[in-house]
Structures are given as structure tokens and as C-alpha cells.
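J.:
Residue numbers (the working numbering): 28 to 238.
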């Protein structure tokens, strides 16, 4: 549903560009500016174009309401689960990720450690031994694709938020980004998140930010 809303926003922004109207990035700008644009449209635009934009705005409002309703339901589900509430303290884990993880693995007791859990998700780099040297390659991408995708999306949000921070986590991410690029830094953060998730679930630990 969030994807549908994003696609609708892009479609609306594209139509506005065709009409010579540049819209700033971010869906919040559409929410606030689109009604004003529609109201101010003059005779240079056809009635059909105005009606089309009005319909797109109505769809956006409807999708916003549906997303808000599902967010409220997820929040209510999280409040009923001690595991979910602990996971919400982990950077990059929101209600959707928390409920999906707990539904899939429960307390993650079947995994011996965080690395095994991360490997099950396909977030551990593959190794290739040649000539006595071990080289790390891309992630294996095995395991639960949906959970891996959620963790990577969350890690990407953490990486972008911390791109200018001075805390230890931000500095660690920037160091990887400088050496290997943003995508590798995001995967490294997702790998670390998976290990934290395992500790929170399997050991019943509360997440504590590293000093």
C-alpha cells in the first residue's frame, strides 16, 4: 500500500512536470501544495487536466487514510507483544519489521547465535577461497526475502539519517561507505541489525545503544 502511494505520488509529480510545474521531492509537499495548485489552475490548463489532478489528489488522501489505519493496527499489535516492543528500540526496526520478525521466528531460539540468524536471512557475505586467500563477495541472498528486504530498508534509513552524525554508529557507517560505497554500508548495517535482533529475542535483552 505504501508502494502504491509512492507510485501515485510519482505519477502526479510527472503530470505536473508536463504542465510546467516542478514539485519538490517528498510526499508531504504534494499533500500541502497540490490542492493549492489545482485551485489556482487557470484557463491555460484544460478542465480534463484539472479533473485528473483532482482525482489523483483524492486517491492520495484515500491511500494516506488506509496507511494510517494499518499503521495504527500494527502499533496495537506491537503493544501486545513484549518481543515487538523490545525490537522497536533497535534503530531501523519499525512496527512492520518487528511484527514480521516475531511472526516468522518467535524468540529466534532455533539459531545458535546472531551470525547464524543473519546468515539465514542472507545478510552474511559469501566467501571464496582461492590461492590460499579468502575473499568476501556479495551477500548470499538466501533465506526469508521479505525479512531481508525489511531489514535492508531499515538499514538504509539509518544510514541516511546518520550520514552527518558524530556518534559511533554514524562514524562506523561512514567509514564503510567511504571504503566500499553506500550499498555495502547499508548491507553491513542490516547484518549488524540482524545480530542485534537475535540477541534481543533469544536472550531477552533490551537494546542499548553502544557508547
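We put the beta carbon where it would ideally sit given N, CA and C, even for glycine. Remember, predicted model here, so these are calculated numbers, not experimental data.
1) Please classify residue 73 as buried or exposed, where buried requires at least 16 other C-beta atoms within 10 Å of its C-beta.
2) CA-CA distance, residue 164 and residue 196?
3) Put residue 99 into one of helix, strand or coil per three-state DSSP.
4) Between 131, 202, 230 and 194, which has its C-alpha nearest residue 172's C-alpha?
5) By Cβ distance below 8 Å, which residues in the same chain neighbour residue 122 in space, the five residues on each side in sequence not counted?
6) From what residue to what residue does the alpha helix (DSSP H) around residue 36 run?
7) Helix, strand or coil: how does DSSP classify residue 73 here?
8) Please classify residue 218 as buried or exposed, where buried requires at least 16 other C-beta atoms within 10 Å of its C-beta.
9) Using a 10 Å radius around the Cβ and a threshold of 16 neighbouring Cβ atoms, would you call residue 39 buried or exposed?
10) For residue 145 and residue 222, which I take to be in contact (beta-carbon distance under 8 Å), what is that distance rounded to the nearest angstrom?
T.: In brief:
1) exposed
2) Annotation note: pLDDT 44 at residue 164 (below 50); position unreliable, coordinate value reported separately. Approximately 23 Å, taken between the alpha carbons.
3) helix
4) 131
5) 98, 101, 102, 104, 105, 111 and 115
6) 29-45
7) coil
8) buried
9) buried
10) 6 Å
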